[in-house]
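One structure is given here, and the rest of the page talks about it.
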Amino acid sequence: MDLSVGTPVDATPLVIRQALIAAADAPGYPTTAGTSRLRDSCAGWMQRRLGVTVPPSAILPSIGSKELVANLPTVLGLGAHSHVVVPLAAYPTYAVGAGVLGARVTATDRPEDVSDADLIWINSPGNPTGRVMPADQMRAIVAHARSTGAVVASDECYVELGWDVTPCSVLHPSVVGNDHSGVLALHSLSKRSNFAGYRFGFVAGDPEIVQRMLGIRKHLGMMVPSPVQAAAAAAFDDDDHVAVQRERYFARRKILRTALMDSGFTIDHSEAGLYLWVTRGEPCWETVGWFADRGILVTPGDFYGVAGAHHVRVALTATDEAVASFSDRLSAV
Ligand SMILES: Cc1ncc(COP(=O)(O)O)c(C=O)c1O
2 MDLSVGTPVD ATPLVIRQAL IAAADAPGYP TTAGTSRLRD SCAGWMQRRL GVTVPPSAIL
62 PSIGSKELVA NLPTVLGLGA HSHVVVPLAA YPTYAVGAGV LGARVTATDR PEDVSDADLI
122 WINSPGNPTG RVMPADQMRA IVAHARSTGA VVASDECYVE LGWDVTPCSV LHPSVVGNDH
182 SGVLALHSLS KRSNFAGYRF GFVAGDPEIV QRMLGIRKHL GMMVPSPVQA AAAAAFDDDD
242 HVAVQRERYF ARRKILRTAL MDSGFTIDHS EAGLYLWVTR GEPCWETVGW FADRGILVTP
302 GDFYGVAGAH HVRVALTATD EAVASFSDRL SAV
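Laid out in structure tokens, this is it:
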């Protein structure tokens with residue numbers, strides 16, 4: 002049972018597949034900025050689901066959000082002289098995207114203490130911890146970044162998967178008021194809509210930065226294929242499939258949590274997102290071995306930095322059948 006990668010296993014909703022097929026005749030180049038239909042759908046989704054108002058011109062689509070994360074330092078013009086701040090336990094692509102440029106990378110959950118950053122990554126709900134950052138902490142980070150000239154990039158790819166807490170976007174008026182300067186939010190359809198194989202994400206926020214990114218991206222390529230743009234618009238226009246998918250993950254989370262706690266594990270954070278952040282106080286590779294003996298693959302926490310050395314990450318992305326057998330597997334050796 003593979004609970005390591007966090008790749009969706011449920012079908013891509015029909016409404017999305019039909020939109021892809023209907024747009025299959027695509028002889029011409031797609032535009033880098035995306036169709037206005039697509040940007041309207043992204044903006045409409047942000048308004049409806051996140052309470053965030055962004056003009057369509059401040060939205061830029063991307064092939065997947067991993068690609069967006071990896072290339073953001075490049076597109077922002079950072080280089081070997083730059084300083085990028087990432088969360089303490091973090092999705093590795095933040096550091097890799099900065100590291101390939103030779104930029105200095107600092108891992109901390111207190112970006113407010115760094116005075117010379119060029120780019121500050123935040124990630125709420127977080128991977129791997131499932132932690133949700135409160136709006137007042139986001140507000141403090143944005144205020145600090147503005148006072149030091151750093152850009153805040155908020156990776157919000159799990160924003161619709163809140164369980165115990167409702168996650169907030171960095172662009173919400175309670176964080177930034179009506180001023181998006183120096184702030185970007187990154188979104189993805191992969192988990193919300195079982196869209197990971199199609200590859201789609203977008204960035205929204207500071208209109209000047211987004212327009213600058215567009216100017217560069219027009220020459221770097223990486224335009225989103227037209228059929229995927231059409232499918233993405235259909236996905237953002239529809240919330241029904243998201244409710245269904247949320248129910249599936251909620252039910253799986255309950256079974257996995259109960260079985261893990263019954264087996265003596267502690268679950269830290271994990272109030273939102275697609276993972277359980279699990280420990281029993283031992284080095285993570287010992288826990289990985291324990292699960293492997295039971296035919297279960299989990300991710301060692303040290304993949305996400307030294308802060309994860311005593312945790313493993315357990316994804317909610319297994320089929321209902323596999324999840325139903327989880328408890329039996331834990332008790333059988
Ligand atoms: C925190 C975080 N950001 C970004 C991504 C990239 O997702 P995608 O490229 O599928 O949009 C992932 C994928 O797991 C992730 O966990």
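Counting in this note's numbering, the sequence shown runs from 2 upward without gaps.
Using N, Cα and C, we set each Cβ at its ideal position, and we do this for glycine too.
These numbers come from a predicted model, not from an experiment.
- For residue 62, the enclosing beta strand (DSSP E) stretches over residues 60-63.
- Buried is the label assigned to residue 72, since at least 16 other Cβ atoms lie within 10 Å of its Cβ.
- Between residue 202 and residue 189, the gap from beta carbon to beta carbon is short of 7 Å.
- For residue 5, the shortest separation between its Cβ and any heavy atom of ligand 1 does not lie below 6 Å.
- Secondary structure note for residue 280: its beta strand (DSSP E) is the uninterrupted segment 276-280.
- For residue 313, the closest alpha carbon among the candidates 322, 300, 320, 305 is that of 300.
- Under the DSSP assignment, residue 297 falls outside any alpha helix (DSSP H); it carries neither an H nor an E label.
- Placement of the Cβ of residue 199 at a distance of 6 Å or more from every heavy atom of ligand 1 is found.
- Put simply, the backbone Cα of residue 303 is about 22 Å away from that of residue 155.
- Using a Cβ distance threshold of 7 Å, residue 268 and residue 324 do not count as a contacting pair.
- Residue environment analysis places residue 288 among the buried positions, since at least 16 neighbouring C-beta atoms fall within 10 angstroms of its C-beta.
- In the same chain as residue 282, and ignoring 5 residues on each side of it, the C-beta atoms closer than 7 Å to its own belong to 311, in chain order.
- Taking all protein chains shown into account, residue 245 has fewer than 16 neighbouring C-beta atoms within 10 Å of its C-beta and is therefore exposed.
- In the three-state reduction of the DSSP assignment, residue 193 falls in the coil class.
- Placement of the Cβ of residue 305 at a distance of 6 Å or more from every heavy atom of ligand 1 is found.
- Between the stretch 218-238 and the stretch 126-137 there are fewer than three inter-stretch CB-CB distances shorter than 8 Å, so the stretches are not counted as touching.
- In chain order, 242 place their CB closer than 6 Å to the CB of residue 14, counting only its own chain and leaving out the 5 sequence neighbours on each side.
- The residues 318, 319, 320, in chain order, have a CB closer than 7 Å to that of residue 10 in the same chain once the five nearest residues on each side in sequence are set aside.
- The Cβ-Cβ distance between residue 207 and residue 175 does not fall below 7 Å.
- The closest CA to that of residue 101, considering only 111, 78, 109, 116, is found on 78.
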